[in-house]
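Just so you know, the sequences run in chain order A and B. In terms of my numbering, the first sequence opens at residue 1 and continues consecutively. In terms of my numbering, the second sequence opens at residue 291 and continues consecutively. All C-beta atoms in this analysis are idealised placements derived from N, C-alpha and C, irrespective of residue type, glycine included.
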Amino acid sequence: MSVKIFRAAAGLATVVLSAGAQAAFELNFQTPVSKVGERVYDLHTVILLICFVIFIAVFGTLLYSVFAHRKSKGHVAAQFHENTTVEVLWTIIPFVILVLIAWPATTTLLAMRDTAEPDVTVKVTGYQWEWAYDYLKGEGEGISFLSNLATPHDQIYGTAAKGEHYLREVNNPLVVPVGKKIRILTTANDVIHSWFVPELFVKQDANPGFIRDTWFRAEKEGTFRGQCAELCGKDHGFMPIVVEVVSPEKYSAWVAEQKKKMAGLADDPGKRATEAGEAVAPADIKTARR
Amino acid sequence: MSAVLDTPGHHEHADRPTGITRWLTTTNHKDIGTMYLWFSFTMFIVGGIMALIIRTELFTPGIQVVDPDRFNALTTYHGLIMVFGAIMPAFVGFANWLIPMQIGAPDMAFPRMNNLSFWLLPPAALLLITAQFVPGGGAGVGWTMYPPLTVQAPMAMDLTIFAIHILGMSSIMGSINIITTVFNMRAPGMGMMRIPMFCWTWVITAFLLLAVMPVLAGAVTMTLTDRHFGTSFFNAAGGGDPVLYQHVFWFFGHPEVYIIAIPAFGVISQIIPAFARKPLFGYTSMVYATASIAVLSFLVWAHHMFTVGMPVEAQLYFMYATVLIAVPTGVKVFNWVATAWRGSLSFETPMLFALGFLFLFTIGGFTGLVLAIVPIDVQLHDTYYVVAHFHYVMVAGALFSAFGAIYFWLPKWTGKMYDERLGKLHFWLSFIFFNVAFFVQHFLGLAGMPRRIPDYAPQFAEFNMISSIGAWGFGLAQVLLLYIVVKTIRSGKPAEQRQWDGADGLEWTHLPTPAPYHSFETPPVLK
Ligand SMILES: [Cu+2]
Chain A
1 MSVKIFRAAA GLATVVLSAG AQAAFELNFQ TPVSKVGERV YDLHTVILLI CFVIFIAVFG
61 TLLYSVFAHR KSKGHVAAQF HENTTVEVLW TIIPFVILVL IAWPATTTLL AMRDTAEPDV
121 TVKVTGYQWE WAYDYLKGEG EGISFLSNLA TPHDQIYGTA AKGEHYLREV NNPLVVPVGK
181 KIRILTTAND VIHSWFVPEL FVKQDANPGF IRDTWFRAEK EGTFRGQCAE LCGKDHGFMP
241 IVVEVVSPEK YSAWVAEQKK KMAGLADDPG KRATEAGEAV APADIKTARR
Chain B
291 MSAVLDTPGH HEHADRPTGI TRWLTTTNHK DIGTMYLWFS FTMFIVGGIM ALIIRTELFT
351 PGIQVVDPDR FNALTTYHGL IMVFGAIMPA FVGFANWLIP MQIGAPDMAF PRMNNLSFWL
411 LPPAALLLIT AQFVPGGGAG VGWTMYPPLT VQAPMAMDLT IFAIHILGMS SIMGSINIIT
471 TVFNMRAPGM GMMRIPMFCW TWVITAFLLL AVMPVLAGAV TMTLTDRHFG TSFFNAAGGG
531 DPVLYQHVFW FFGHPEVYII AIPAFGVISQ IIPAFARKPL FGYTSMVYAT ASIAVLSFLV
591 WAHHMFTVGM PVEAQLYFMY ATVLIAVPTG VKVFNWVATA WRGSLSFETP MLFALGFLFL
651 FTIGGFTGLV LAIVPIDVQL HDTYYVVAHF HYVMVAGALF SAFGAIYFWL PKWTGKMYDE
711 RLGKLHFWLS FIFFNVAFFV QHFLGLAGMP RRIPDYAPQF AEFNMISSIG AWGFGLAQVL
771 LLYIVVKTIR SGKPAEQRQW DGADGLEWTH LPTPAPYHSF ETPPVLK
C-alpha cells in the first residue's frame with residue numbers, strides 16, 4: 001500500500017538525515033512496537049506529506065512573486081482584489097482534504113480507545129514522585145509494587161558520569177508478556193500525572209480520584225522507556241516509566257518469583273514489595289535528591 | 291516615543307501636567323499607547339530573561355543552574371508574563387495608537403477608563419514578579435495552572451491569582467473601549483466594511499476578551515477558594531473534579547490563542563498591501579474568515595486535553611471542530627499570498643517581518659493541524675512538539691507581527707525614520723535564531739521529550755543544546771530592537787507624512803508626521 005511506501009520514505013529520510021549520529025538526532029517518532037502505534041505513525045507521515053505539498057504550493061507561489069513581482073525590477077502592481085472562483089476553490093479544496101484526513105484519523109482513534117477484552121489489567125497510580133503498579137486481572141493478578149527512579153543523585157548533579165539510561169531507569173519495571181493485550185488503568189494519589197511510553201504510543205493522564213484507561217499490545221520483546229508527561233511538581237522530571245516486554249514463559253517465571261516475594265512480605269501487610277536486595281525505599285531516593 | 295508630544299503647534303495643552311504626573315493622569319490615546327508599548331517591552335525582557343535561564347539549564351543534561359522547583363516557577367511565569375504582560379499589552383498599545391487615527395476619531399471613546407486600563411497593569415506585573423521572591427518561591431504549576439497542583443502551591447499562587455484578576459479587569463475595560471470607539475466614533479462615511487483590517491481584527495478580539503476573561507477569572511477564583519476556603523471544586527474527595535478546571539481554563543484558553551493571533555492578522559493585513567502597493571485581496575472574506583475563526587474558537591477547547599480520558603465521542607467531535615479552523619485560517623493565508631501576487635513588492639523591515647510571519651505562522655498552523663488529530667496528539671501532547679508549535683504561533687506569529695507593526699508605524703509615531711539597515715539585521719537575526727531555537731524542538735517532541743522538565747535523558751542532548759544556542763541568539767537580537775527604537779527617537783531622520791507610498795490608511799493620508807496629539811479634531815472628509 002502507498003502508506004507503506006510513505007513510511008519507507010520517511011524512514012529513509014530519517015536515516016539519511018541522522019547518519020553518523022546513531023541514536024541521537026532522532027527526527028521522527030520512536031519506532032512503534034504495537035499495531036496501533038504503527039497506524040499512528042503512518043497517519044502522521046501521510047498528514048505531514050499533505051501539509052508539505054500544500055506548503056510548497058503556497059510558498060512556491062509567494063516565492064515566485066517575491067522574485068518576479070519586485071518594485072526594484074520595475075514591476076507595476078495589478079489592482080485586482082477579488083476573484084470569487086478562486087476564493088470558493090480555496091475554501092472547498094482544504095475542506096475536502098480535511099474530510100479525507102478525518103476518516104483514517106477516526107478509525108485509528110476508535111481502535112486506540114477499544115480497551116475491551118484485555119489479557120492482563122494493571123492499575124497504575126501516580127504519586128509524587130513515583131509510580132505504583134497493581135496487577136488486577138489476568139496472569140500475575142495480585143502483584144503490586146512501587147517503581148522509582150534508579151539514577152543516583154551524583155549523576156544528576158554532575159559529580160558522577162551519566163549512565164546509558166540516565167533518568168530513564170527504575171528499580172522495578174513494569175513487566176508484561178509480549179503479544180498480549182495489556183489494559184492500563186490510571187489514577188493518582190495527589191496531583192495529576194500522565195503515563196507516557198513513546199514506543200508503545202500510549203499516554204494517559206492519571207487523575208486523582210478518577211480512573212481512566214488505555215491499552216497496548218507489544219509485538220516485540222524489549223525494554224521500553226518513558227516518563228511522566230503531566231507537570232506534577234518538583235520531581236516531575238524524575239519519575240520515569242520502564243516497561244519490560246518479555247516472552248510468555250519468562251513472564252510466568254517473573255510472576256512466580258513475585259508471588260514468592262509477596263508471600264515473604266505477607267506478615268507485613270502495610271508494605272508494598274520493593275525488589276529485595278536493592279533495598280532502596282522511595283523516601284530515601286526523594287531525600288537524596290533534595 | 292515622547293518626541294511626538296513636544297511637537298510645536300499644540301499650545302492648547304500648555305497647562306498639561308509634566309513629568310510623572312502627566313503619565314499618571316494622561317487620558318490621551320497616544321500617551322497611553324506609548325505606555326502600553328514600553329510596559330510590554332519591559333515585560334518582554336523580564337519574560338525573556340526567564341526563558342534564557344530555562345534554556346541555560348537545559349543546555350546539557352543534569353541540574354546545573356536552578357533547582358527543579360525554581361525551574362518550574364520559571365516556566366510558569368515565563369508563560370504568564372509573555373502572554374499577559376508582553377504580547378497582549380503590545381497589541382492593546384497598537385490599538386490605542388492606531389484605532390482613533392485609522393477611523394478618523396480624536397481619541398478613544400472612554401479616555402479616563404483607558405488610563406485606568408493601563409495603570410492596572412503595573413501592579414499586576416509587580417505581583418507576578420514578586421511572586422518569585424515570597425516564602426516558598428514562585429508557584430511551579432505551569433502557566434495553565436492545573437489543580438490539584440495549584441492547591442499545593444506556595445503563597446505565590448495567591449499573588450498570581452490576584453494578578454490574573456487585575457489583568458482581566460484591565461482587558462475587559464480595554465475591550466469595552468475599543469468596541470465603543472470603533473462602533474461610534476468612525477468618521478462620517480466610514481462604514482464598518484470600510485474600516486482598516488486592523489480595526490476589524492481588534493473589534494473581534496475585544497468581543498473574545500469580553501467573553502472569556504471572566505471565565506478565566508472564575509477558574510482561578512475557584513482555585514483560590516479551594517486553597518483557602520474549604521471548597522472542593524477540583525478535589526474528588528470533596529465531590530469535585532480536577533478535570534473540570536481544565537475544561538473551564540481551556541474555554542478561556544483557546545479563544546486566548548486567537549486573542550493573541552487575530553490582532554496580529556490585522557497588522558499583517560495592513561503591512562502586506564502597503565509593500566505590495568496593491569489593495570488587500572478579499573477584504574470581505576478576510577472579515578468573515580476572522581469572525582468565523584473567533585466563533586469556532588469557542589467550540590474546540592478540549593483539544594488541549596485529549597489525554598484526560600474523555601469519551602471517544604467527545605474526542606471525535608473536538609477533532610472535527612478543530613480541523614475545521616484550518617479552512618478560514620487557510621483563506622487568510624491564501625488572501626495574503628494573493629495580495630502579494632502581481633504586486634510591486636519591496637522589502638523594507640516591516641514587510642520582512644510580515645513575510646517572516648506568513649512563513650513561520652503557516653508552519654505553526656500545520657503543526658496545529660497535526661496536533662488536532664487525536665491519535666497523533668496522544669503521542670505529542672505535553673511534549674516539546676507542543677512547545678515548538680505554540681512558539682511558532684506566538685513568537686513567529688504574534689511577536690513578529692508586533693515587530694512589523696513597530697517598524698511600520700514608528701515613523702508616524704515619532705516623526706522620525708528608523709535605521710533600515712539595522713532593522714533588516716534585526717529581522718534576519720530574529721528569523722534565523724528563532725528557527726534554530728524552536729524548529730529542533732519538533733524533533734524532541736516527536737522522540738518523546740516531555741515539556742516542563744528541568745533535566746532530560748541523554749538521547750535529547752544534541753537538539754537541546756542547539757535550541758539553547760538559538761534561544762540565546764534570539765534573546766540578544768532583541769537588544770538591537772531597543773537600540774534601534776531609542777536611536778530613532780533620539781536621532782532619526784525626519785519621516786515623511788506618507789512614509790510608505792503604498793500605505794493608504796487615514797493616518798498616512800490625512801495626518802501629518804508625527805501625528806498630532808489629538809488625532810482628528812475635526813473628522814476627515816471621505817470620498
Ligand atoms: Cu508525575
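query: Residues of the segment 65-76 of chain A whose Cβ lies closer than 8 Å to any Cβ of chain B, in chain order; result: SER65, VAL66, HIS69, ARG70, LYS71, SER72, HIS75 and VAL76
query: B/GLN422 beta carbon near ligand 1 (any heavy atom closer than 8 Å); result: no
query: Three or more C-beta pairs below 8 Å linking the segment 606-613 of chain B and the segment 114-126 of chain A; result: no
query: Short CB-CB distance (under 9 Å) between B/ILE743 and chain A; result: yes
query: Min CB distance A/LYS162 to chain B below 9 Å; result: yes
query: Min CB distance B/LEU364 to chain A below 9 Å; result: no
query: Coarse secondary structure for A/TRP195, derived from DSSP in three states; result: strand
query: Nonlocal neighbours in the same chain, by C-beta distance under 6 Å from B/ILE335, ignoring five residues either side; result: none
query: DSSP state of B/PHE588 mapped onto helix, strand, coil; result: coil
query: Start and end residues, alpha helix (DSSP H) containing B/PHE637; result: That residue, B/PHE637, is in no alpha helix (DSSP H); it is neither H nor E in DSSP.
query: Candidates B/VAL598, B/PRO563, B/SER559 and B/GLN768, of which the one nearest A/HIS193 by Cα; result: B/VAL598
query: Cβ-Cβ separation, A/LEU43 to B/ILE666 (assumed contact under 8 Å), whole Å; result: 6 Å
query: Spatial distance of A/GLU87 from B/VAL621 (CA atoms); result: 8 Å
query: C-beta atoms of B/ALA415 and B/PHE329 nearer than 9 Å; result: yes
query: A/PHE216, DSSP secondary structure in three states; result: strand
query: Meets three-Cβ-pair contact criterion under 8 Å: the segment 623-642 of chain B and the segment 551-565 of chain B; result: yes
query: Where B/GLY556 falls: helix, strand or coil (DSSP); result: helix
query: Sheet register partners of A/ILE184 (DSSP bridge); result: A/VAL122 and A/THR214
query: C-beta neighbour in chain B for A/PRO152, strict 9 Å; result: no
query: Identity of the residue in A/PRO104, A/LYS203 and A/VAL96 nearest A/VAL124 by Cα; result: A/LYS203
query: Option nearest A/LEU109 by Cα separation, candidates B/VAL668, B/PHE728 and B/GLU546; result: B/VAL668
query: Reduced DSSP secondary structure (H/G/I, E/B, other) of A/GLN227; result: strand
query: Option nearest A/ALA218 by Cα separation, candidates A/GLU141, A/PRO177, A/PRO104 and A/GLU257; result: A/PRO177
query: A/GLU230: CB within 8 Å of a non-hydrogen atom of ligand 1; result: yes
query: Strand pairing of B/PRO784, partner residues [DSSP]; result: B/LYS706
query: Host alpha helix (DSSP H) of A/SER247 (start-end); result: Premise fails: A/SER247 is in no alpha helix (DSSP H) and is neither H nor E.
query: A/TRP103 burial status per 10 Å Cβ neighbour count (16 or more: buried); result: exposed
query: B/MET445 beta carbon near ligand 1 (any heavy atom closer than 8 Å); result: no
query: Nearest residue (CA-CA) to A/GLN227, options B/ASP794, B/GLY530 and B/GLY738; result: B/GLY738
query: Residue-level contact to chain B via CB, A/ASN28, 9 Å cutoff; result: yes
query: Residues near A/LYS137 by beta carbon distance below 6 Å, same chain, minus five either side; result: THR121
query: Pairwise C-alpha distance: A/ILE54 and B/GLY694; result: 26 Å
query: Heavy atom of ligand 1 within 8 Å of A/SER126 beta-carbon; result: The residue asked about is misnamed: residue 126 of chain A is Gly in this sequence, not Ser. Yes, ligand 1 has a heavy atom inside 8 Å of this Cβ.
query: CB of B/LEU319 within 9 Å of CB of B/ILE393, strictly; result: Checking the sequence, you will find His at residue 319 of chain B rather than Leu. Against a cut-off of 9 Å, the Cβ pair of B/ILE393 and B/HIS319 comes out as no contact.
query: Cut-off 6 Å between Cβ atoms - residues of its own chain near B/ILE310, not counting five sequence neighbours on either side; result: none
query: Sequence-distant residues of its chain with Cβ nearer than 6 Å to B/PRO701 (five each side left out); result: MET707, ALA785 and GLN789
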